[in-house]
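Just below is one structure, and these are the notes that go with it.
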Amino acid sequence: MRHAIAPGTGDPSDFNLGDCATQRNLSEEGRRQASRIGEALKANDVAVDLVLTSQWCRARDTAERLGSQPVENEPSLNSFFAGRGDRQAQTEALKRRIAELDAAGQKAALVSHQVNITALTGVYPSSGEIVVITLGEDGAVTVEGRIATQ
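Per the UniProt record's numbering: the sequence shown = residues 1 to 150.
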């Protein structure tokens, strides 16, 4: 899923991964949105064994507000917008991680950024939108559905 509502685009020029004050963060509306998504997942008995998240504060905040544990940092979900990462390497690493989870029989919620989700799926998600996927044995991603959230 794409992180919840965080007004703006990209991050400030003084961006520091370890300092949320230097990043674009969730708005109050975004914090409420993330909590509502978590409540809806639980109300619909969506089984989540773990939540993997980008290390960006807006993604981590979204992941934690989903209310499922454990929440683990997954660097392949980190944004590569504006040259901050490596699109191809991260997408391939993410596919490998998804395949490992699948082989272990684990279902995960992944919280990331628009550019990462688009690279993986071809979908341009809205803030808080969930893109449901399967990964074939050949590494091909199939979009099974999209869940728009408010």
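Just so it is clear, CB atoms sit at the ideal spot from N, CA and C, and this is done for glycine as well.
Distance, residue j Cα to residue i Cα
i: V42; j: L26; result: The sequence shown places Lys at residue 42, not Val. Approximately 22 Å, taken between the alpha carbons.
i: C20; j: C57; result: 6 Å
i: R60; j: D45; result: 22 Å
i: I130; j: M1; result: 4 Å
i: L50; j: T62; result: 14 Å
i: A82; j: T149; result: 26 Å
i: N125; j: V132; result: Before going further, note that residue 125 is Pro rather than Asn in the sequence given. So the two alpha carbons sit approximately 11 Å from each other.
i: P70; j: T53; result: 11 Å
i: D14; j: R146; result: 34 Å
i: D102; j: E137; result: 10 Å
i: S112; j: E72; result: 12 Å
i: N78; j: Q114; result: 11 Å
Segment limits, beta strand (DSSP E) that includes residue i
i: T53; result: 50-53
i: R146; result: 141-147
i: E72; result: 71-73
Terminal residues of the alpha helix (DSSP H) in which residue i lies
i: L110; result: It is not in any alpha helix (DSSP H) - L110 instead sits in the beta strand (DSSP E) that spans 108-111.
i: I117; result: 114-121
i: E29; result: 28-43
i: D11; result: D11 -> no alpha helix (DSSP H), and no H or E assigned at all.
i: Q88; result: 87-103
i: C57; result: 57-65
For residue i: DSSP bridge partner residues
i: I133; result: V143
Nearest-angstrom Cβ-Cβ length linking residue i and residue j, presumed shorter than 8 Å
i: V141; j: L135; result: 6 Å
i: S68; j: L94; result: Wrong, their Cβ atoms sit about 19 Å apart, outside the cutoff.
i: A34; j: G139; result: That pair is no contact at about 30 Å.
Original post:
Can we say the segment 27-35 touches the segment 86-101, given the rule of at least three CB pairs closer than 8 Å?
Top reply: A contact between stretches requires three or more CB pairs, one per stretch, nearer than 8 Å, and the segment 27-35 fails this requirement with the segment 86-101.
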